[in-house]
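**Q** For reference, the structure I am asking about is given below.
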Amino acid sequence: MTATVTTAKTGAAARIAHVSKAFGAQQVLDDISIDVADGEFVTLLGASGCGKSTLLNLVAGLDAPTAGTIEVPGGRPALMFQEHALFPWLTAGRNIELALRMRGMAKADRPAEAERLLELVRLKGAHRKRVHELSGGMRQRVALARALAQDSRLLLMDEPFAALDAITRDVLHEELTRVWAQTGVAVLFVTHNVREAVRLAQRVVLLSSRPGRIAREWEVGIPQPRRIEDADVAGLSVEITEQLRGEIRRHGQH
Amino acid sequence: MASTETQPKSEGDLTPRREDTVASGAPAAPARGGPGGDLAGLEAGLDALDTRATTRTPLPRMLRQKALPPLIAVVLVLALWQAAFALHLKPDYQLPSPLMVWDALAEEWYKGTILGVVWQSVSRGALGFVVALVIGTPLGLLVARVRPVRAAIGPILSGLQSLPSVAWVPAAIIWFGLTDATIYAVVLLGAVPSIANGLVAGVDRIDPLHLRAGKVIGATGLRGVRHVLLPAALPGYVAGLKQGWAFSWRSLMAAELIATSPELGVGLGRLLDTGRSYQDMPLVLGAILLILLVGIGIELLVFAPVERRVLRHRGLLR
């Protein structure tokens, strides 16, 4: 890998072992095993119905698996949603401070730490802004800062940029890469966008659909900083897309 | 794609090296150097383009838009009233003029009793409302969040809301006699269901995503209630409080009107009843006017600002 990887693969940020999940008779996830190393950036890629969001919910502890085990040694993981999920009754800064408070930080330390996190996502001075006063991209950056405020070793991201326009998404890819490198947090990032997966991750895990199974994994050896337009990114994306299409085609055959 | 490395970087540099921007026409960050400066500038540009400036309407225009129409309506009603009086549609003792009502109120004012009368009712209404708040809030939370409780008393609670609380007055008199307890019992039976139901409606309308986000950051149990559930339900809760106050005030007037006794003191309901027993129509109309004014006043001075503030903070106000 590249020099941007800060943490050696010493421990695991998450150990997902033989996890299955069924909702009633419907099998959603089948025997999923993924280890996310400390500081590693892994994307989960799949078409509709592969249970990527379900898997994130399981790792986040919002739901329990039907079978298998999930270990998150670093404590409760942070989770970012497709929608910003910021609390509209609080200012941007107070949203972050609430996460700090829930983490147990003393009141006196919270404003400074919230300010530091806002600066990390380049929103210095947005502390007193109301959520509705922020643009879509700014909201997702505040949401990222709030997630980082949990000081978890694992950050789960559920298609966090899917609802943004292309320019903003591109900028946020760059931001996320930078923040990830600066903080050394492990990221498990769910997306259905192949290029996004290759652009961001050190490792791409492709899930098949209905039920979600691990179809294949790729190590992404392209050095950061990458661009979504890079030839290397495009090349690997083509390969992965072919495989993904193959997985989707299987569902049309019966 | 052009990649321009502006500065040599050390091997362990963690920041992105490329300094070019996505949109080549984007303005460069002014006076902002350092690594990633271009990205910061690009981001600042995007933020500026995407952010809408929110302006508040200037006060004179707001007054013109909000205060003038009701003022005109009041003047019109007074004019119609005066016209009806001038045409002698009814005898004077049945339909007094606005001025006669004003005089009746002025007379009460010079007797020095009117403020005491208004205060008697307002303080009762306020105390009853606060007690209703203290009972209705946990009750609403229980009904909203505990399924068996909801199944058991949810329908009863909504049913009670449509029961006119004046219906409780005879029962309360039999239970508590002609005491303050009777009055407060009627007020509570009127206001508690409103407040509880408002909270239930508020909780039901919470975006489930906010509850999940609360769980993720560790706001569970009572902390979740305090930091996520209650603030998220606030718009519905405030609407319930507003209605709860209206119900308190109505129930109080009904109770004061029916349960009259020297020990109970003179409230606005009692004043109304005094007017009726003396066939003093100006006093009756004056008392009605005062009851109306107190209701409107509390709404405008207490609830409307709270509601506007809650909605504006959430960007829900035009």
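The listed protein sequences correspond, in order, to chains A and B. Residue 1 is where the first sequence starts when you use the UniProt record's numbering, and the numbers rise one by one after that. Residue 1 is where the second sequence starts when you use the UniProt record's numbering, and the numbers rise one by one after that. Using N, Cα and C, we set each Cβ at its ideal position, and we do this for glycine too. Everything numeric in this text was worked out from a predicted model, so none of it was measured.
#1: In its own chain, which residues sit with a C-beta less than 7 Å from the C-beta of B:Q82, not counting the 5 before and 5 after it?
#2: Find the residues of chain B that neighbour residue 266 of chain A, judging by a C-beta separation of less than 9 Å, and give them in chain order.
#3: Run through chain B and tell me which residues come within less than 9 Å of A:E71, C-beta to C-beta.
#4: Let's see if you can read the secondary structure: which residues bound the beta strand (DSSP E) around A:F23?
#5: Please list the terminal residues of the continuous alpha helix (DSSP H) segment that includes B:W109.
#6: Under 7 Å Cβ-Cβ, which residues of chain B neighbour A:Q150?
#7: Mind listing the chain B neighbours of A:L98? Cutoff is C-beta to C-beta under 8 Å, in chain order.
#8: Determine the DSSP secondary structure at A:E71, reduced to helix, strand or coil.
#9: For chain A, is any of its Cβ atoms less than 7 Å away from the one on B:E43?
#10: Identify which residue in A:T241, A:W218, A:R210 and A:E239 has its Cα closest to the Cα of A:A25.
#11: Say whether the region 245-258 of chain B touches the region 164-177 of chain B, bearing in mind that this needs 3 or more beta-carbon pairs closer than 8 Å, one atom from each stretch.
#12: Does DSSP put B:F129 in a helix, a strand or coil?
#13: Would you verify that the beta carbon of B:R314 is, or is not, closer than 7 Å to some beta carbon of chain A?
#14: At the level of alpha carbons, what is the spacing between B:L311 and A:S135?
#15: Quick one: is B:P305 near chain A, going by C-beta distance under 7 Å?
#16: When Cβ atoms are compared, which residues of the region 230-250 of chain B fall closer than 8 Å to chain A?
#17: Is B:K242 near the ligand MN - that is, is its Cβ less than 6 Å away from at least one heavy atom of it?
#18: Below 8 Å CB to CB, which residues in the same chain sit around A:R195 once its five sequence neighbours on both sides are set aside?
#19: What are the boundary residues of the beta strand (DSSP E) that includes A:L78?
#20: Which residues of the region 128-140 of chain A have a Cβ closer than 8 Å to any Cβ of chain B? Give them in chain order.
#21: By Cβ distance, which residues of its chain are closer than 8 Å to B:T220, with the 5 residues on each side in sequence left out?
#22: Which residues does DSSP list as the beta-bridge partners of A:E217?
#23: Using Cβ-Cβ distances below 9 Å, what residues of the region 187-205 of chain B are close to chain A?
**A** In brief:
#1: Along the second sequence, one-based indexing puts residue 82 of chain B at 82. Closer than 7 Å at Cβ, skipping near neighbours: S97 and P98.
#2: Only positions 1 to 254 of chain A appear in this structure, which leaves residue 266 of chain A out of reach.
#3: On the first sequence, residue 71 of chain A is found 71 positions in, with the first residue counted as 1. The premise fails here: A:E71 is roughly 18 Å from chain B at the closest Cβ pair, so nothing lies under 9 Å.
#4: Translated into the one-based positions of the first sequence, residue 23 of chain A becomes position 23. Its beta strand (DSSP E) spans residues A12 to F23.
#5: The sequence position of residue 109 of chain B within the second sequence is 109, counting from 1. Start and end: P98 to K111.
#6: Here residue 150 of chain A is taken as the residue at index 150 of the first sequence, counted from 1. Within 7 Å Cβ-Cβ: I217.
#7: Sequence index remark: in the first sequence, residue 98 of chain A carries index 98 (1-based). Under the 8 Å cutoff, chain B gives I217, A219 and H227.
#8: Start at 1 with the first residue of the first sequence, and residue 71 of chain A comes out as number 71. When secondary structure is reduced to three states using DSSP, A:E71 falls in the strand class.
#9: In the second sequence, residue 43 of chain B corresponds to position 43, counting from 1. At least one chain A Cβ lies under 7 Å of B:E43.
#10: Within the first sequence, numbered from 1, the residue matching residue 25 of chain A stands at position 25. In this structure, A:R210 is the residue among A:T241, A:W218, A:R210 and A:E239 with its C-alpha nearest to the C-alpha of A:A25.
#11: yes
#12: For this step, residue 129 of chain B is matched to residue 129 along the second sequence. In this structure, B:F129 counts as helix in the three-state DSSP scheme.
#13: Taking the first residue of the second sequence as 1, we reach residue 314 of chain B at position 314. So yes, B:R314 belongs to the interface.
#14: The sequence position of residue 311 of chain B within the second sequence is 311, counting from 1. The sequence position of residue 135 of chain A within the first sequence is 135, counting from 1. Cα-Cα distance, rounded: 19 Å.
#15: Position 305 of the second sequence, counted from the start, is the residue given in the question as residue 305 of chain B. Look at B:P305: its C-beta is not under 7 Å from any C-beta on chain A.
#16: Here the close residues are P231, A232 and L234.
#17: For the ligand MN, the structure offers nothing, since it holds no ligand at all.
#18: Counted from its first residue, the first sequence places residue 195 of chain A at position 195. Within the same chain, A:R195 has close Cβ partners I228, V233, A234 and S237.
#19: Here residue 78 of chain A corresponds to residue number 78 of the first sequence, with the count starting at 1. Note on identity: in this sequence residue 78 of chain A is Ala, with Leu being the wrong assignment. A:A78 -> beta strand (DSSP E) spans A78 to M80.
#20: R130, V131, H132, E133, L134, S135, G136, G137 and M138
#21: Within the second sequence, numbered from 1, the residue matching residue 220 of chain B stands at position 220. Taken in chain order, the residues that qualify are G214.
#22: As a first step, residue 217 of chain A must be located in the first sequence, where it is residue number 217. Under DSSP, A:E217 forms a beta bridge with A:V205.
#23: none
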